[in-house]
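The sequence shown runs 1150 to 1310 under the numbering used here. Report on one structure; see the data block that follows.
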Amino acid sequence: MPKPRKKFGKVILRFAENRDKKFLLEFERECVRTEPEIFQDELRYYQKRLRSIPVIDLSRKDFKVIIALVNNQVVGELSMSSYFNYETNSLVGVITGLWVLKPYRMAGIGKKLIRFAKAEFKKWGIKRITLTVGLFNLAACAFYKKMGFTIRKIGEGICAI
């Protein structure tokens, strides 16, 4: 049975800016620290990702980070980009990461981040969105399915959606 929805302050969604990098770094470190069971298989990837945050240019048009703020604290993040698929001759959207801090889950923040991203991809002219999730991250797999994504491929420890 799902947990009851939690009540927090107003959730504000916006694109992260270069001035937010420190907060993004702290946020992602907290996510990795508090859920080692999810991140242990991909720890090298996340360590590399954390090292890259200070040098990422958040003003790029082809890569965006959406942050969810409650009381001016980052409690959720979705990173998104796109690539050109030569087989379909079209742009494809990619959700490269989605995190919500544990105490803020089951409050609709993940849904809001996905909806915001879908609307932005639509502005970019993108009709297809993909993502990859850890095969053993069952909660994430169920969440994405609930949000309308379908499993395309299951590989070594990952699930392409």
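By construction, the Cβ of each residue, glycine as well, lies at the ideal position given by its N, Cα and C atoms.
- Message: Here's the rule I'm using: 16 or more other beta-carbon atoms within 10 Å means buried, otherwise exposed. How should F1176 be labelled?
- Response: The residue you call residue 1176 lines up with position 27 of the sequence shown. That one is buried.
- Query: Between the C-alpha atoms of I1300 and K1294, what's the straight-line distance to the nearest angstrom?
  - Reply: Locating residue 1300 in the sequence shown gives position 151, counting from the first residue. Locating residue 1294 in the sequence shown gives position 145, counting from the first residue. If I take the Cα positions, the gap works out to 8 Å.
- Message: So A1217 and L1262 are supposed to be a Cβ contact under 8 Å. How far apart are they, rounded?
- Response: As a position in the sequence shown, residue 1217 is number 68, starting the count at 1. As a position in the sequence shown, residue 1262 is number 113, starting the count at 1. Going by Cβ atoms, the distance from A1217 to L1262 rounds to 6 Å, so yes, they are a contact pair.
- On the three-state DSSP scale, how would you describe K1302? Stepping through the sequence shown from its first residue, residue 1302 is reached at position 153. It is a strand residue.
- Query: Taking the C-alpha atoms as reference points, what is the distance between A1212 and N1220?
  - Reply: Against the sequence shown, residue 1212 aligns to sequence position 63. Against the sequence shown, residue 1220 aligns to sequence position 71. The question names Ala, but residue 1212 is Phe in the sequence shown. About 26 Å.
- Message: For N1167 and D1206, what's the separation of their Cα atoms in angstroms?
- Response: Mapped onto the sequence shown, residue 1167 falls at position 18. Mapped onto the sequence shown, residue 1206 falls at position 57. Straight-line Cα distance between these residues: approximately 7 Å.
- Does DSSP classify E1184 as helix, strand or coil? In the sequence shown, the residue the question calls residue 1184 occupies position 35. Here E1184 sits in coil by DSSP.
- Query: Given that a residue counts as buried once 16 or more other Cβ atoms are within 10 Å of its Cβ, and exposed if not, what is L1250?
  - Reply: Counting from 1 along the sequence shown, the entry for residue 1250 is found at position 101. Result: buried.
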